[in-house]
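At the far end of the sequence shown sits residue 424, using this note's numbering, and the numbering has no gaps.
Note that the Cβ used here is the ideal one computed from N, Cα and C, for glycine as well.
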Amino acid sequence: MAFVAEGLRQPAGPFRFAAADKQAQAAGFLAQLGLHSMILEIGLQAVQPVSSDAALRLGENPSFACLDAGKNNGSHNQHDNCGPYERHPDTTLVKLGCFRGYSIPVRLSGMTGNVRFAERRREAMITIGLAGWGDHDKLYPTRESARNKLHTYGELFGTVEVDSSFYAVQPKRNMEKWTADTPDAFRFVVKAYQGMTGHSRGKIPYPDEDAMFADFKLALTPMLESGKLDCVLFQYPPWFDCTRENVAVLREAKARMEGVPCALEFRHQSWFVPGMREKTLAFMRDQGWYHSVCDEPQAGEGSVPIVEEATDSGFTLVRLHGRNVSGWHSSGRPNWREVRYLYRYSTEELEEWAERLTRLERQSERVAVIFNNNSGGDAADNARELMTLLGQPLPALPADAAREADPDVEQLELF
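Put into structure tokens, the structure is as follows:
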């Protein structure tokens, strides 16, 4: 029997898993093996994501590891004492950990086989990233790291929001390059062109809206074909309020984007006032919109509250804009864009978000989080702190990695 898993960070020896409870609660973070979000395919029937209370315990032989969901209470040292895998024999998916490109013998329920770890790393259930990759200077302190910023970025985060597509429909060659410059498991959130969301007050550079949408969809082809597109983000402006006419606009936009996953973000409070919130969410579910859950300043009708609810069981987008109330509605001022997202989340606020994300993860298989609070360069720091709070591996920044390899790297970078 073949067991298939995606994603590997480091090789490991043979191991055996014992999952005792009937819900197949065998997940837990396999830190000692560098594991995160592995999937084993065992049969035909899907098993839901599992609880975090399953623990990894190493036996006397360090080349073996046993994941026990609680039956033995950690009292065993010999793997022969592990309880049987008590689940129906047609079980399909057990979410376990993270690997890349290795084959490991496995014994499960008395059956033996090989776990094949695909070259393509499986993304974590909660993926953290930033809005754009070019403006986060602290991520690229060396000449080498700055030479191809997206490549460097892809070693640090698992997702990114493409903002340039809001200002102009990007040529297909750009999408091809970005797709090629990132790891296989990397994902993109592409912001819809401003002419598609009503932000553009002037004339659109297309003969009609059909041509505009068609050109935008064509540019997405490389990301769609590679499986790297999480969604196109339709962020509507603060004046886009909840009216019958605007509901029709949303229906038309979604129909034009047929075959492309799309997330919807509102900026007008009327969509989520009492009596409309559930109707709005029901409409999004019916039309197939992912919900873009926002954390933004609560600054009147031109802002929305945190609505901690998914509209799709497969994916939810979360965008963190900061909480700078005074800068939120400063449009037209010379330094507006410099202060609007000027905010640094505190540890306490990020701890609250870690709890929210855990709850959202129960509603959607995957959650992508985008930090957009970069007016003061805080987005990357906050993103990495949230990764730590969620127990995710934290890749070394280029400067740290270079310094570890060569203590004189700082002096060398001066010349």
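Kindly list the residues whose CB is nearer than 8 Å to the CB of glutamate 370, restricted to its own chain and excluding five residues on each side of it in sequence; keep chain order. Within the sequence shown, the letter at position 361 stands for residue 370. The answer, listed in chain order, is Pro58, Met134, Ile135, Val376.
Could you round the C-beta distance between cysteine 271 and tryptophan 298 to whole angstroms and report it? I think they count as a contact, below 8 Å. The residue you call residue 271 lines up with position 262 of the sequence shown. The residue you call residue 298 lines up with position 289 of the sequence shown. For cysteine 271 against tryptophan 298, the beta-carbon gap comes to about 6 Å, under 8 Å, which counts as contact.
Identify every run of the alpha helix (DSSP H) within the stretch 304-342, keeping only runs that are complete inside it and at least 4 residues long; order them along the chain. The DSSP assignment places 334-337 as complete runs of the alpha helix (DSSP H) inside the stretch 304-342, in order along the chain (cut-off: 4 residues).
Pick from Lys237, Thr320, Asp390: whose alpha carbon is nearest that of proline 192? As a first step, residue 192 is located in the sequence shown; it is residue number 183 there, counting from the start. With respect to the C-alpha of proline 192, the residue from Lys237, Thr320, Asp390 having the closest C-alpha is Lys237.
Please list, in chain order, all residues of the same chain as alanine 408 whose beta carbon is under 7 Å from its beta carbon, the five residues on each side excluded. Position 399 of the sequence shown holds residue 408. For alanine 408, where only same-chain residues beyond five positions count, the Cβ hits under 7 Å are Pro150, Thr151.
Mapping the DSSP letters down to three states, classify proline 407 as helix, strand or coil. Counting from one through the sequence shown, the residue named residue 407 turns up at place 398. When secondary structure is reduced to three states using DSSP, proline 407 falls in the helix class.
In terms of DSSP beta bridges, what is tyrosine 299 paired with? The residue labelled residue 299 in the question sits at position 290 within the sequence shown. DSSP, once it has assigned bridges, lists Ala272 as partnering tyrosine 299.
Going by the DSSP bridge assignment, what does glutamate 170 pair with across the sheet? Indexing the sequence shown from 1 puts residue 170 at position 161. Paired residue(s): Ala140, Val198.
Determine which residues share a DSSP beta bridge with glutamine 244 and list them. Here residue 244 refers to the residue found at position 235 when the sequence shown is read from its first residue. The partner list for glutamine 244 (beta bridge, DSSP) reads Glu274.
Please classify lysine 200: is it buried, with 16 or more other beta-carbons within 10 angstroms of its beta-carbon, or exposed? Here residue 200 is taken as the residue at index 191 of the sequence shown, counted from 1. Looking at its Cβ environment, which holds 16 or more other Cβ atoms inside 10 Å, lysine 200 is buried.
Whole-angstrom Cβ separation of glutamate 274 and arginine 328, contact assumed at under 8 Å? In the sequence shown, counting from the first residue as 1, residue 274 sits at position 265. In the sequence shown, counting from the first residue as 1, residue 328 sits at position 319. Glutamate 274 to arginine 328, Cβ: 7 Å. Contact.
Going by C-alpha distance, which of Asn183, Lys186, Met221, Pro216 is nearest glutamine 203? In the sequence shown, counting from the first residue as 1, residue 203 sits at position 194. Checked all of Asn183, Lys186, Met221, Pro216; the closest Cα to glutamine 203 is Met221.
Could you compute how far the alpha carbon of serine 235 sits from the alpha carbon of threonine 188? The residue given as residue 235 occupies position 226 in the sequence shown. The residue given as residue 188 occupies position 179 in the sequence shown. Cα-Cα distance, rounded: 8 Å.
Return the Cβ separation of alanine 319 and glutamine 372 in integer angstroms, given the expectation that the two are a contact with Cβ distance under 8 Å. Against the sequence shown, residue 319 aligns to sequence position 310. Against the sequence shown, residue 372 aligns to sequence position 363. A Cβ-Cβ distance of about 4 Å is found for the pair alanine 319 and glutamine 372, placing them in contact under the 8 Å criterion.
Can you give me the Cβ contacts of valine 378 inside the same chain, cut-off strictly under 6 Å, excluding the 5 residues immediately before and after it? In the sequence shown, counting from the first residue as 1, residue 378 sits at position 369. Answer for valine 378: Ile137, Val327, listed in chain order.
Please report the distance separating the alpha-carbon of asparagine 333 from that of alanine 308. Position 324 of the sequence shown, counting from 1, holds the residue named residue 333. Position 299 of the sequence shown, counting from 1, holds the residue named residue 308. CA-to-CA, the gap between asparagine 333 and alanine 308 works out to about 9 Å.
Alpha carbon of valine 198 to alpha carbon of glycine 143, nearest angstrom: As a first step, residue 198 must be located in the sequence shown, where it is residue number 189. As a first step, residue 143 must be located in the sequence shown, where it is residue number 134. Straight-line Cα distance between these residues: approximately 15 Å.
Assigned secondary structure, alanine 425 (DSSP; H/G/I helix, E/B strand, else coil): In the structure as shown, the chain starts at 10 and stops at 424, and residue 425 therefore has no counterpart that could be examined.
Based on DSSP bridge pairs, tell me the residues matched to leucine 233. Position 224 of the sequence shown, counting from 1, holds the residue named residue 233. The partner list for leucine 233 (beta bridge, DSSP) is empty, contrary to what the question assumes.
Sorted by chain position, which residues of the same chain lie with C-beta nearer than 7 Å to leucine 159's C-beta, five sequence neighbours on each side aside? Stepping through the sequence shown from its first residue, residue 159 is reached at position 150. The residues are Trp142, Trp187, Asp190, Thr191.
Spatially closest choice to valine 316 from Gly336, Tyr354, Arg368, by CA coordinates: Residue mapping note: residue 316 aligns to position 307 of the sequence shown, counting from 1. Taking the Cα of valine 316 as reference, the smallest distance to any Cα among Gly336, Tyr354, Arg368 is reached at Arg368.
Straight-line Cα distance separating leucine 399 from glutamate 164: Within the sequence shown, the letter at position 155 stands for residue 164. Within the sequence shown, the letter at position 390 stands for residue 399. Distance between the alpha carbons of glutamate 164 and leucine 399 is about 18 Å.
Element boundaries [alpha helix (DSSP H), containing tryptophan 187]: Reading the sequence shown from its first residue, position 178 is the one you call residue 187. Unbroken alpha helix (DSSP H) run through tryptophan 187: 181-189.
Hey, valine 169 and leucine 139 are a contact pair by Cβ (cut 8 Å); roughly how many whole angstroms apart? Counting from one through the sequence shown, the residue named residue 169 turns up at place 160. Counting from one through the sequence shown, the residue named residue 139 turns up at place 130. So it is a contact: roughly 6 Å between Cβ atoms.
Same chain only: Cβ atoms within 6 Å of phenylalanine 324, ignoring 5 sequence neighbours per side: Indexing the sequence shown from 1 puts residue 324 at position 315. So the qualifying residues of the chain are Tyr299, Ser373, Arg375.
For alanine 155 and glycine 211, the rounded distance between their alpha carbons: Residue 211 sits at position 202 when you count from the first residue of the sequence shown. Residue 155 sits at position 146 when you count from the first residue of the sequence shown. Roughly 36 Å between the two C-alpha positions.
Taking 7 Å as the limit between beta carbons, can you name the residues of its chain near glycine 311, skipping five residues before and five after? For this step, residue 311 is matched to residue 302 along the sequence shown. Closer than 7 Å at Cβ, skipping near neighbours: Pro247, Arg276, His277, His338.
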